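Working notes, beginning with the structure itself.
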Amino acid sequence: MDHSMALKIIKNVEKYREAAKLEINVLEKLADKDPDCIHLCVKMLDWFDYHGHMCIAFEMLGLSVFDFLKDNSYQPYPLDQVRHIGYQLCYSVKFLHDNKLTHTDLKPENILFVDSDYDLVYSNKKRREVKRVKCTDVRLIDFGSATFDHEHHSTIVSTRHYRAPEVILGKMYPGFCFYKLFCMTCTSTMKNHVL
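To convert, note that position 117 of the sequence shown is 110 in our numbering; the numbers rise steadily by one, no gaps.
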């Protein structure tokens, strides 16, 4: 093997194995629709069963948007970086929706930088050096709870902290991904803590 990869190992428990098979199905369909990954969804390289444990090999990526923020003492991303990340997310979510697929779990933890290398820059406000990610190219990950429009939709979708009001009220609405995008970019910007 001449390159690194990330390996997701799913425990040999039937309900987890079934969820892994659903995720693999989604990832295979995404690869058919977008073989060059221009729509910014993580690329599955392969999958296999190891003694009942489902294993999915992915391209190697950097830290999540959330983990970089946490490692940087929650120093907010600059507005130009927020715009670029937000644009990419809208582009990726539009591709999913055009293909009748809903991610259902958009959150900063499921948005990974392609490369999380950074520069140290001095912050006058913090009076110390802070990290600034060099490249804000991102990939959307974790399609384990994604659903196609024609499939049964669970009433419990997304991580509780990021759940849209209509989902909480049991009134599924196809635009809830955009609610989550708005919450991750605009609302947090107003608090000066972006993403």
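Think of the CB as a built atom: it goes at the ideal place given N, C-alpha and C, for glycine as much as any other residue. The model shown is predicted, which means the values in this text are computed figures rather than measured ones.
Contact check for His32 and Ser(-3): beta-carbon distance about 23 Å, past the 8 Å limit, so the pair fails to qualify. Taking a contact to require three or more Cβ pairs closer than 8 Å, the stretch 84 to 99 and the stretch 32 to 47 qualify as touching.
The stretch 51 to 68 makes contact with the stretch 102 to 112, as at least three CB pairs between them are under 8 Å. If you draw a straight line from the Cα of Leu113 to the Cα of Arg10, it is about 42 Å long.
In its chain, beyond the 5 residues on either side, Cys48 have a beta carbon closer than 8 Å to the beta carbon of Asp42. The alpha-carbon separation between Asp27 and Leu20 amounts to approximately 10 Å. Per DSSP, Val126 is not a residue of any alpha helix (DSSP H); the beta strand (DSSP E) it occupies stretches across 121 to 126. Secondary structure at Val6: coil, using DSSP grouped into helix, strand and coil.
With contacts defined as CB atoms closer than 7 Å, Asp108 and Cys128 qualify as a contacting pair. When the beta-carbon positions are compared, Lys93 and Phe141 come within less than 7 Å of each other.
Residues of the same chain with a CB within less than 7 Å of the CB of Ile2, apart from the 5 flanking positions on each side, are His46, Cys48 in chain order.
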